[in-house]
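**Q** Please read through the structure below; I'll follow up with questions.
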Amino acid sequence: AKESGRNRVCAAQQHPSLADFDLRRRQLVTADEHAPVVLLLTRNQGLRTRIDDLSETDGFQLISFESRGDFLQEFSALRPNLVVVDVAYSDYGEGLVPELASRTSSAQVPVLAIVDRQRPGHAADIGSLVDDVLMSDFETTELRKRLHNGLRISALQREGVRLREDLKASQRQMIRNERLRSVGSMAAGITHDFNNVLSSILGTTEDLMHLDGLGPDIGEKLETVRAAAVDGAATVRRLQSYLRPYE
55 AKESGRNRVC AAQQHPSLAD FDLRRRQLVT ADEHAPVVLL LTRNQGLRTR
105 IDDLSETDGF QLISFESRGD FLQEFSALRP NLVVVDVAYS DYGEGLVPEL
155 ASRTSSAQVP VLAIVDRQRP GHAADIGSLV DDVLMSDFET TELRKRLHNG
205 LRISALQREG VRLREDLKAS QRQMIRNERL RSVGSMAAGI THDFNNVLSS
255 ILGTTEDLMH LDGLGPDIGE KLETVRAAAV DGAATVRRLQ SYLRPYE
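If you're matching positions, the sequence shown starts at 55 in our numbering and goes up one per residue.
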């Protein structure tokens, strides 16, 4: 591919769905910062065309579905920034919006519902479950504004998630550092006490070695004790040198 003049060569990999593969392919050929993803559920070709035209000019990626089942199945894999669901032009049943609301709430994805102005009660019910409602007789400028608002909310929510994750990571690091300081302080105290014990053993052993009348066996054993105490003191000094930053 390189020899034929292609500038981008990508390794093949598995994707959860064809739609997810298409999204990944489109992301690879766009700029380094991927465009936000808008999922649309509608059977209305005119609505799809209007939003698709806006995607070209406003810099977001539109992935549309006609099937309710496919839409719900692909939602998690595609990780959209905004969901637009058409309940004005397309009949998907009463349970769609509550089910979608439960999924998007946990994923923190804003939902824009397009509803029929002739059914004001239905619009109010839908509005209580989604983030924004747009009447079916909307102007393109109003549609653009609602899409921009939804994408802005999504960006703020994702930034909030990132900041919370950074905060948690910083808190974990602070706790880890504090534990290390505590362990270091405790270990420094232990080495100090242990050094005092070794000093007492060493001093007593050296005093005994200077006594008259000790047999060669006793002198040899005392020398072994003294050498062990000296080695132990050297080990304690190395530990104290290592632990000094925590004191």
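C-beta: ideal position from N, C-alpha, C; glycine also.
Take the Cβ of TYR146 as the centre, count every other Cβ of all protein chains shown within 10 Å, and call the residue buried at 16 or more, exposed below.
**A** buried
**Q** Would you grab the beta carbon distance between LEU197 and LEU116 for me? Rounded to a whole angstrom, and I think it's under 8 Å.
**A** Contact flag wrong, Cβ pair sits at about 12 Å.
**Q** On the premise that SER144 lies in contact with ASN203, defined as a C-beta separation below 8 Å, what is that separation, rounded to the nearest angstrom?
**A** Actually they are not in contact, since the Cβ atoms of ASN203 and SER144 sit about 23 Å apart, beyond 8 Å.
**Q** Threshold first: 3 residues or longer. Then list the beta strand (DSSP E) segments lying entirely within the region 191–263, N to C.
**A** Runs of the beta strand (DSSP E) inside the region 191–263: none found.
**Q** What's the call for SER208, buried or exposed, on a 16-neighbour Cβ count within 10 Å?
**A** buried
**Q** Cutting at 8 Å between CB atoms, please list the residues of its own chain near ALA287, excluding the five before and the five after it.
**A** ASN249, LEU252, SER253 and LEU256
**Q** For VAL169 versus VAL187, is the C-beta distance shorter than 7 Å?
**A** Here VAL169 is near VAL187, since their CB atoms are less than 7 Å apart.
**Q** Taking 8 Å as the threshold, find out whether the region 158–166 comes into contact with the region 121–138 through three or more Cβ pairs.
**A** A contact exists between the region 158–166 and the region 121–138.
**Q** Rounded to the nearest angstrom, what separates LEU205 and THR103 at their Cα positions?
**A** 19 Å
**Q** List the residues that DSSP assigns as beta-bridge partners of ALA167.
**A** BP columns for ALA167 point to VAL139 and VAL187.
**Q** Exposed or buried, TYR296, counting other C-beta atoms within 10 Å across all chains shown (16 or more means buried)?
**A** exposed
**Q** Verify whether the separation of the beta carbon atoms of VAL151 and ILE180 is less than 7 Å.
**A** yes
**Q** Helix or strand or just coil, what does DSSP make of SER109?
**A** SER109 falls in the helix class under three-state DSSP.
**Q** When the Cα atoms are used, what is the spatial distance from SER239 to THR245?
**A** 10 Å
**Q** Tell me which residue opens and which closes the beta strand (DSSP E) that GLN115 is part of.
**A** 115–119
**Q** What are the boundary residues of the alpha helix (DSSP H) that includes LEU154?
**A** 150–161
**Q** I need the straight-line Cα distance from LEU303 to ALA241, nearest angstrom please.
**A** This structure gives no information on residue 303, because the portion of the chain shown stretches from 55 to 301.
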